[in-house]
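What follows is a short report on a single structure.
2 protein chains.
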Amino acid sequence: MDVVILTIGSEILKGRTVNTNAAYIAGKLYAAGFNVVQERAVADGEDLITRALGECYGAADFVIATGGLGPTRDDVTKAASCVFFGRKLVCDKDYHDHLERLFRRMGYDGVPERSRGQAEAPEGAEVLPNSQGTAPGLWLADGGRTLILLPGVPREMQHLIDEQVLPRLIERYTTTGAPHSALVRTVGIGESIIAQRIEDELDERERELLNYYPHGGFVDVVVASSGEMAPASGDAVKKVAAHVRRVLDKHVYAVEEKDIWEVIAQYLFSHGQRLAVAESCTGGLLAEMITSVPGASNWFSGGAVTYSNASKRDILGVPGSLLENHGAVSEQVASAMAAGAKEKFIAQWSLAITGIAGPGGGSEEKPVGTVYIVLAGPEGISCERYSFNGNRSQVRHRSAIKATELLWRALHRSAAG
Amino acid sequence: MDVVILTIGSEILKGRTVNTNAAYIAGKLYAAGFNVVQERAVADGEDLITRALGECYGAADFVIATGGLGPTRDDVTKAASCVFFGRKLVCDKDYHDHLERLFRRMGYDGVPERSRGQAEAPEGAEVLPNSQGTAPGLWLADGGRTLILLPGVPREMQHLIDEQVLPRLIERYTTTGAPHSALVRTVGIGESIIAQRIEDELDERERELLNYYPHGGFVDVVVASSGEMAPASGDAVKKVAAHVRRVLDKHVYAVEEKDIWEVIAQYLFSHGQRLAVAESCTGGLLAEMITSVPGASNWFSGGAVTYSNASKRDILGVPGSLLENHGAVSEQVASAMAAGAKEKFIAQWSLAITGIAGPGGGSEEKPVGTVYIVLAGPEGISCERYSFNGNRSQVRHRSAIKATELLWRALHRSAAG
Numbered sequence: 006m007d008v009v010i011l012t013i014g015s016e017i018l019k020g021r022t023v024n025t026n027a028a029y030i031a032g033k034l035y036a037a038g039f040n041v042v043q044e045r046a047v048a049d050g051e052d053l054i055t056r057a058l059g060e061c062y063g064a065a066d067f068v069i070a071t072g073g074l075g076p077t078r079d080d081v082t083k084a085a086s087c088v089f090f091g092r093k094l095v096c097d098k099d100y101h102d103h104l105e106r107l108f109r110r111m112g113y114d115g116v117p118e119r120s121r122g123q124a125e126a127p128e129g130a131e132v133l134p135n136s137q138g139t140a141p142g143l144w145l146a147d148g149g150r151t152l153i154l155l156p157g158v159p160r161e162m163q164h165l166i167d168e169q170v171l172p173r174l175i176e177r178y179t180t181t182g183a184p185h186s187a188l189v190r191t192v193g194i195g196e197s198i199i200a201q202r203i204e205d206e207l208d209e210r211e212r213e214l215l216n217y218y219p220h221g222g223f224v225d226v227v228v229a230s231s232g233e234m235a236p237a238s239g240d241a242v243k244k245v246a247a248h249v250r251r252v253l254d255k256h257v258y259a260v261e262e263k264d265i266w267e268v269i270a271q272y273l274f275s276h277g278q279r280l281a282v283a284e285s286c287t288g289g290l291l292a293e294m295i296t297s298v299p300g301a302s303n304w305f306s307g308g309a310v311t312y313s314n315a316s317k318r319d320i321l322g323v324p325g326s327l328l329e330n331h332g333a334v335s336e337q338v339a340s341a342m343a344a345g346a347k348e349k350f351i352a353q354w355s356l357a358i359t360g361i362a363g364p365g366g367g368s369e370e371k372p373v374g375t376v377y378i379v380l381a382g383p384e385g386i387s388c389e390r391y392s393f394n395g396n397r398s399q400v401r402h403r404s405a406i407k408a409t410e411l412l413w414r415a416l417h418r419s420a421a422g
Numbered sequence: 006m007d008v009v010i011l012t013i014g015s016e017i018l019k020g021r022t023v024n025t026n027a028a029y030i031a032g033k034l035y036a037a038g039f040n041v042v043q044e045r046a047v048a049d050g051e052d053l054i055t056r057a058l059g060e061c062y063g064a065a066d067f068v069i070a071t072g073g074l075g076p077t078r079d080d081v082t083k084a085a086s087c088v089f090f091g092r093k094l095v096c097d098k099d100y101h102d103h104l105e106r107l108f109r110r111m112g113y114d115g116v117p118e119r120s121r122g123q124a125e126a127p128e129g130a131e132v133l134p135n136s137q138g139t140a141p142g143l144w145l146a147d148g149g150r151t152l153i154l155l156p157g158v159p160r161e162m163q164h165l166i167d168e169q170v171l172p173r174l175i176e177r178y179t180t181t182g183a184p185h186s187a188l189v190r191t192v193g194i195g196e197s198i199i200a201q202r203i204e205d206e207l208d209e210r211e212r213e214l215l216n217y218y219p220h221g222g223f224v225d226v227v228v229a230s231s232g233e234m235a236p237a238s239g240d241a242v243k244k245v246a247a248h249v250r251r252v253l254d255k256h257v258y259a260v261e262e263k264d265i266w267e268v269i270a271q272y273l274f275s276h277g278q279r280l281a282v283a284e285s286c287t288g289g290l291l292a293e294m295i296t297s298v299p300g301a302s303n304w305f306s307g308g309a310v311t312y313s314n315a316s317k318r319d320i321l322g323v324p325g326s327l328l329e330n331h332g333a334v335s336e337q338v339a340s341a342m343a344a345g346a347k348e349k350f351i352a353q354w355s356l357a358i359t360g361i362a363g364p365g366g367g368s369e370e371k372p373v374g375t376v377y378i379v380l381a382g383p384e385g386i387s388c389e390r391y392s393f394n395g396n397r398s399q400v401r402h403r404s405a406i407k408a409t410e411l412l413w414r415a416l417h418r419s420a421a422g
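Going down the list, the sequences are from chains A and B. First residue of the first sequence: 6, per this note's numbering; consecutive thereafter. First residue of the second sequence: 6, per this note's numbering; consecutive thereafter.
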């Protein structure tokens, strides 16, 4: 089944908000075997939305729209849908009663004036209950065309997609099932080098199964039939995926939807080892990535963000003489930070990062982008100097990803050997 | 001038990549007085792109497309543009020579086979040099229709927009100039409460100037004429903006494009004061937000991510008896963490966060979402207990934003009083 995702909101077209909703919906639909043929965003405005709906139904008979269901004056998605389908906006008695109970529980004397519109829906629409907010989702089927309206608040939209929309879609539509596909996740190697290495030995039909998805320092290789091809056989996908894994070998950290920190978590947890970090230029970014994994407290002791010389000395025990003689951005200080983190946080492994993220602070000898990363482990300590390109945020991100890669490699080696 | 932004890439439609490129381009165009009427995303595929171009030119005569200019087999944007405009793909001699020099400097023996296509462009297209990568931007004018092609790698796309595309747009097209507008940035108050408070005293024409943009715990109120209205006079915008600032008063942290941490940075730096943080459940997120501000080392000493009881005790000096008697998620431990951070990192201000981000770890007494936030300052210490909704990532984010708000309020009060 082909779907168009329509995002409604002036904030998108003015560039004030990144459209994460479309990505969420697209990912969920793809995984369930539905085909998103187009994404589109238009500003708030009854005419604009009505026109966009007409164009969307030129590309598919199924439209999922988000945004413009809120209580403020610029929320006109329901009105526009009524115009487009020639329906009236009517009060949904059941949903109104639900809102009434909700607001009374919160201490209100009934549904406040400004929220009454939330119980209105195009005549004949199915109301999809929203336990995360006051705007319900709406499912409107009209002849061959179906329109699903969801609120734009990401948490509410996600809840409705997962709990209300996907179960109905799967029940009401038959798909060919999720496409045969295999995932190979890599770190430390660029997209074009990957393509060069793996495509040489494949024939044209096999090459067409390859898709490359770079994301924040990683590249995913997905082996799968694309939307316009005949579905590939499971065997062809398996054969190509095995080839990709073999050729990229030392860069492959996962062959399933698992992020690199989940892989690291498994190694550490299963070996009863703990990790600590010491960050200067990344300022907490590495610790934040680590602790985004649920249960990280089982193997992560903590980290120090030492942004001053005094804190490097007092918290991590970096000798003042090293800071004076070599400067905070140096191999010597990075190594002392790693040693300090390992000792003070009581861990078998530690990572330390110190560098110049910019825009200021660079020198001829150590320009912006110069970063030292140290990994200390049970077997010893290693230090690397890097020169990263990009602005402050990119240098910080690349540093944290490189540190992650170094730790993953070491754990991988120690598990293999 | 009306523009359509077209994003090309299967990764977008499969939900593997969030479309940050469209937001970047839209923001830059809006600020320069151009009007983005639609955003659209389609998968890699010559037919799909050709068809999308035809539809885009139904909505505007100016299309900016990103993606599909890379060296791999699925990069077919140039080929599709040639089909659409009936042009031939030819080698740009100057750009080829540039690539030749570039690759020789990197130690190659000329342009490698796989990168030769990078020097090809639709006949008659203007080549926009890209100092950040090997794929140049392309500017193709054909009768009344203009197409700009940019690579999809965010850093390269951003560089080309800033250095090549915007200067040409501003030189070649007259706009009405940036719209009259005023920005009011708020924290700690929801969109619908804001609307209720400020719209009551305004007439219909004034209300139409209001736009609300919630983003990650903040709400921006923008007073401006919208795309379909006659441009509002500067006086009307000024009057309404003053009203908004007055009514929202205690929630307004900025009236310009400045984030709340930049505002906090100014207070601290100008008073010669320093900040430290102690994080448990937020795991470095707060420190990461703080250090995203360039020059943060002038006022931020650092922070401890204490993810174990031992590290709370050893690094921050939290008494073991408090941890035993009250648990790590308690007012007592949060207060001791804040006091420890203030002392160990030598700072006048500190923030401490400890809580249960989930999914595990909750209890009846302290369910998932329970978070203690402590602010310690020159005048004393205050502790608040919160119950945040949402998943792990949302609880962490809300905690960090609330801590930010508490500090901003205290600094604001101390600056005012």
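All C-beta atoms, glycine included, are put in the ideal place defined by N, C-alpha and C.
Query, Result
"Could you tell me the distance, in whole angstroms, from the CA atom of A:F108 to the CA atom of B:E370?", "25 Å"
"How about A:A415: is its C-beta nearer than 7 Å to some C-beta of chain B?", "no"
"Flag B:M234 as yes if its beta-carbon sits less than 7 Å from any beta-carbon of chain A, otherwise no.", "In this predicted model, B:M234 has a pLDDT of only 47, less than 50, meaning its place in the structure is not dependable; the value taken from the coordinates is given anyway. No, B:M234 lies away from the interface with chain A (no Cβ there is under 7 Å from its Cβ)."
"Rounded to a whole number of angstroms, what is the C-alpha to C-alpha distance between A:E233 and A:I13?", "Reliability fails at A:E233, whose pLDDT of 44 lies under 50, so the model's placement of it is uncertain and the value that follows must be treated cautiously. For A:E233 and A:I13, the distance between alpha carbons rounds to 28 Å."
"Going straight from the alpha carbon of B:I17 to that of B:A341, what length do you get?", "46 Å"
"Would you please state the rounded distance, in angstroms, between the beta carbons of B:G363 and B:R397? I believe it to be under 8 Å.", "5 Å"
"Quick one: give me the first and last residue of the alpha helix (DSSP H) that A:L74 is part of.", "Per DSSP, A:L74 belongs to no alpha helix (DSSP H) and is neither H nor E."
"When burial is assigned at 16 or more other CB atoms within 10 Å of the CB, is B:Y111 buried or exposed?", "With the sequence shown as reference, residue 111 of chain B is identified as Met, and Tyr is not the correct amino acid for it. So B:M111 counts as exposed."
"Cβ closer than 8 Å: which chain A residues qualify as neighbours of B:K33?", "G20"
"Measuring only the C-alpha atoms, how far is B:A235 from B:E213?", "Residue placement at B:A235 is flagged as unreliable, the pLDDT there being 49, under the threshold of 50; a coordinate-derived value is accordingly withheld."
"Counting only runs of 3+ residues fully inside the stretch 286 to 326 of chain B, write out the beta strand (DSSP E) ranges in chain order.", "305 to 311"
"Put A:R45 into one of helix, strand or coil per three-state DSSP.", "strand"
"Under 7 Å between C-beta atoms, does A:V115 make it to chain B?", "In the sequence as presented, Val is not what sits at residue 115 of chain A; that position holds Gly. Judged by the 7 Å Cβ criterion, A:G115 is not in contact with chain B."
"With the cut-off set at 7 Å, would you say B:L3 and B:A124 are in Cβ contact?", "As displayed, chain B neither begins before 6 nor continues past 422, which places residue 3 of chain B out of reach and without an answer."
"Go through its chain and collect everything with a Cβ distance to B:F90's Cβ below 7 Å, but skip five positions before and after it.", "P127, L145 and D147"
"Would A:H220 be called buried (16 or more neighbouring beta carbons within 10 Å of its own) or exposed?", "exposed"
"In the DSSP assignment, find the unbroken alpha helix (DSSP H) run with A:G142 in it and report its ends.", "Per DSSP, A:G142 belongs to no alpha helix (DSSP H); it is in the beta strand (DSSP E), G142 to D147."
"For A:L133, return the contacting residues in chain B, with the cut-off set at a CB-CB distance below 8 Å.", "Residues of chain B passing the Cβ test: none, with the nearest at roughly 19 Å."
"Residues bridged to B:G385 by DSSP?", "B:G382"
"Would you say A:Q353 and A:P383 are within 7 Å of each other, going by their C-beta atoms?", "yes"
"Compile a chain-ordered list of the residues in the stretch 308 to 322 of chain A whose CB is closer than 9 Å to at least one CB of chain B.", "G308, A309, V310, T311, Y312, S313, A315, S316, K317, D319 and I320"
"Taking 7 Å as the threshold (beta carbon to beta carbon), is A:A246 in contact with chain D?", "In the displayed structure, chain D is absent; the protein chains listed are A and B."
"Closest to B:G300 by CA distance: which of B:L154, B:R403, B:R279 and B:K347 is it?", "B:R279"
"Can you pull the chain A neighbours of B:P299, defined as C-beta to C-beta under 7 Å?", "P364, G365 and R397"
"Please confirm if A:A46 has its CB atom under 7 Å from at least one CB of chain B.", "yes"
"When the Cα of A:D52 is compared with those of A:T77, A:G72 and A:A84, which residue comes out closest?", "A:A84"
"Report yes or no: is there a C-beta of chain A within less than 7 Å of the C-beta of B:G289?", "yes"
"Counting only Cβ pairs nearer than 9 Å, list the residues of chain A close to B:P76.", "E196, S197, A200 and Q201"
"My output table needs one value for B:Y4: the three-state DSSP class, helix, strand or coil.", "Residue coverage of chain B in this structure runs from 6 to 422, which leaves residue 4 of chain B outside it and unanswerable."
"Among the candidates B:D79, B:V192, B:V9 and B:G138, whose CA atom is the shortest distance from the CA of B:R45?", "B:V9"
"Are there 16 or more other CB atoms within 10 angstroms of the CB of B:K425, so buried, or fewer, so exposed?", "No information on residue 425 of chain B is available, as it lies outside the stretch 6 to 422 that chain B covers here."
"Would you tell me roughly how many angstroms separate the C-alpha atoms of B:G32 and B:D167, rounded to the nearest one?", "12 Å"
"Distance check for B:E118 and A:L416, CA to CA, integer angstroms please.", "37 Å"
"List the whole-angstrom C-beta distance separating B:S355 from B:A283, where the pair is believed to meet the contact cut-off of C-beta under 8 Å.", "7 Å"
"Helix, strand or coil: which one does DSSP assign to B:S238?", "coil"
"I'd like to know if B:Y218 contacts chain A, where contact means its C-beta is closer than 7 Å to some C-beta of that chain.", "yes"
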